[in-house]
Every structure is written in C-alpha cells, then in structure tokens.
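**Q**
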Amino acid sequence: MAELNLPNGLTILRIFFVPLLVVVLLTREPNFNFLGLPFHFEMWGVLILLVAASTDMADGYLARKRREVTTLGILLDPIADKLLISAAFISLVEMGLAPAWMVVIVIGRDFTVMGLRNIAASEGLTIPASALGKTKMVLEVLTVCMLILAAKHHGFRLIGTTLLWLVVISSVVSAVHYFRVFWSQVNVRIKQRQRNLNPVDQEKKTQDVAARP
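For the sequence shown, my numbering begins at 47 and goes up steadily by one.
1. Could you spell out where the beta strand (DSSP E) holding Leu162 opens and where it closes?
2. Between the C-alpha atoms of Arg203 and Ser220, what's the straight-line distance to the nearest angstrom?
3. Are Leu96 and Ser137 touching if we call contact CB-CB under 7 Å?
4. If you compare alpha carbons, which of His199, Gly55, Ile94 and Met103 is closest to Val184?
5. Roughly how many angstroms lie between the CA atoms of Ala48 and Leu59, to the nearest whole one?
6. DSSP on Pro76, reduced to helix/strand/coil?
7. Give the DSSP bridge partners of Phe85, in chain order.
8. Considering Cα atoms alone, identify which of Phe225, Gly55 and Leu67 is closest to Arg155.
9. When the Cα atoms are used, what is the spatial distance from Val255 to Arg110?
10. Within the same chain, show all residues whose beta-carbon is closer than 7 Å to that of Ile61, passing over the 5 residues directly before and after it, in chain order.
11. Alpha carbons only, please: which of Phe63, Val222 and Gly55 is nearest the one belonging to Leu162?
12. Straight-line CA distance for Ala134 to Arg241?
13. Identify whether Met192 lies in helix, strand or coil by the three-state DSSP scheme.
Structure, rendered in structure tokens:
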C-alpha cells in the first residue's frame with residue numbers, strides 16, 4: 047500500500063469526480079440562489095471540472111517534488127485524464143451542446159495515443175508527450191467549460207464551438223505526430239531484431255515464409 051501516497055490520492059480523487067460531473071450535467075441539478083447569487087448546474091459543472099483538472103497538475107507536481115513517482119501513478123494518471131475528458135464530452139453530446147462526430151474524433155485520438163504508448167512500452171520504448179498534446183489538454187478543459195456555460199448562457203456557444211474546432215484540429219495533428227514517432231521507433235526496433243537473428247534463425251524464418259500458401 048506504499049504507492050497510495052498524496053499524488054496518487056489526487057489521481058484517484060479525479061476519477062471519483064467523473065460520475066459526479068456526469069450526474070450534475072445530465073440531471074441539470076442543483077439549481078438555487080444564495081444571497082441573491084445564482085448557483086445553477088452549469089456553474090457547478092464548471093467548478094467540478096476545474097477542480098478535477100487542477101488535481102491533474104497538482105499530482106504531477108507533487109510526485110516530482112516529493113520524489114513519489116510510482117507505477118500506480120504512472121498507470122492511473124492518463125486513465126483518469128481520459129475518463130474525465132471523455133465523460134465531459136459525451137455528456138455535452140447528450141445535452142446537445144457538441145456534435146457527436148467531433149467528440150468521437152477527440153476521444154478516439156486520446157485512446158489511440160494511449161494504445162500506441164502501451165504498445166511502445168511493451169517493447170521497452172517511450173513516446174514522450176509533445177507540446178501540442180499538453181496544450182490540447184488545456185484547450186479541452188477550456189472548451190468543455192465554455193460549452194457547459196452555453197447550456198444557460200448562449201453567448202458562450204460560439205466561443206465553445208470555435209474552441210471545439212481547435213481541439214479537433216489539434217487532436218488530428220497530434221495523433222499524426224504520435225503515430226510517426228511510434229512507427230519510427232518500432233521500425234528501428236524491428237530492424238535491430240532482424241540484425242540480431244543468427245544465420246540459422248534467418249534461414250528458418252525464410253523457409254517458414256516460403257512454406258506458407
């Protein structure tokens with residue numbers, strides 16, 4: 047249980063924020079006024095999202111500062127990020143605030159990149175996060191906030207839609223970048239394996255290929 051430190055606790059907390067955010071957005075509750083100030087569901091949704099996003103920055107900072115980078119944290123952190131953003135965007139589709147096809151591109155890119163990283167990791171390779179990928183995460187949070195506010199304040203709709211287009215474009219561009227890095231690294235690894243094969247293995251491999259129908 048040594049890996050359940052403060053940074054990992056923040057990551058787990060971010061995961062627990064996911065169902066809370068979905069419930070608030072899809073039920074459109076709570077709504078009340080306090081001292082004459084409106085506290086409607088869209089404000090709660092934005093607040094939950096921003097608090098959850100802040101834990102993403104805090105857990106990484108604390109893990110590095112306190113030297114508490116763990117395997118659990120490395121595994122959970124990207125999963126928590128993807129769950130939060132995916133749940134938020136899917137909720138926006140259900141609310142009629144975001145086109146489904148755009149959300150599919152954004153979510154599909156995130157899980158594709160995570161899959162490429164897992165494959166690379168299994169080969170002992172590392173695909174570092176690009177500056178565009180990091181910027182996209184911030185852009186996604188801002189986009190979701192604007193679209194959530196647009197549920198009650200229509201003036202935010204144009205801003206949110208514009209930001210969503212930027213998210214889609216950056217998703218496609220960063221996906222191409224990650225795939226190129228992935229393929230270049232894997233291609234080098236495959237060539238290294240081929241060079242390391244001894245003559246007997248190479249001959250056997252050639253015979254196996256020739257014997258296939």
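Ideal placement from N, C-alpha and C gives every residue a C-beta, glycine not left out.
**A** Quick look at the numbers:
1. The sequence position of residue 162 within the sequence shown is 116, counting from 1. Where Leu162 is concerned, there is no enclosing beta strand (DSSP E), although the alpha helix (DSSP H) it sits in stretches over Ala146 to Ser168.
2. Along the sequence shown, one-based indexing puts residue 203 at 157. Along the sequence shown, one-based indexing puts residue 220 at 174. Computed Cα separation, rounded: 25 Å.
3. What you label residue 96 is simply residue 50 of the sequence shown in a count that begins at 1. What you label residue 137 is simply residue 91 of the sequence shown in a count that begins at 1. Their beta carbons are not under 7 Å apart, which means Leu96 does not touch Ser137 by this criterion.
4. Locating residue 184 in the sequence shown gives position 138, counting from the first residue. Residue Met103 is the option with its Cα nearest to Val184.
5. Taking the sequence shown and counting its residues from 1, one reaches residue 48 at position 2. Taking the sequence shown and counting its residues from 1, one reaches residue 59 at position 13. With a pLDDT of only 46 at Ala48, under 50, the local geometry of the prediction cannot be trusted, and no value is derived from it.
6. By 1-based counting over the sequence shown, the position of residue 76 is 30. If DSSP states are grouped into helix, strand and coil, Pro76 belongs with coil.
7. Position 39 of the sequence shown, counting from 1, holds the residue named residue 85. Beta-bridge pairing links Phe85 to Phe78.
8. Reading the sequence shown from its first residue, position 109 is the one you call residue 155. Selected option, being the one with the closest Cα: Phe225.
9. Within the sequence shown, residue 255 is the residue found at index 209, counting from 1. Within the sequence shown, residue 110 is the residue found at index 64, counting from 1. Its pLDDT being 46, under 50, Val255 is placed unreliably by the model, and the measurement read from it follows with that caveat. If you take the alpha carbons of Val255 and Arg110, they lie about 49 Å apart.
10. Position 15 of the sequence shown, counting from 1, holds the residue named residue 61. Once the five neighbours on either side are set aside, the close Cβ partners of Ile61 are Ala126 and Leu129.
11. In the sequence shown, counting from the first residue as 1, residue 162 sits at position 116. Of Phe63, Val222 and Gly55, the residue nearest in Cα terms is Val222.
12. Here the question's residue 134 lines up with position 88 in the sequence shown. Here the question's residue 241 lines up with position 195 in the sequence shown. When rounded, the distance between both Cα atoms is 48 Å.
13. As a position in the sequence shown, residue 192 is number 146, starting the count at 1. Of the three classes helix, strand and coil, the one that applies to Met192 here is helix, per DSSP.
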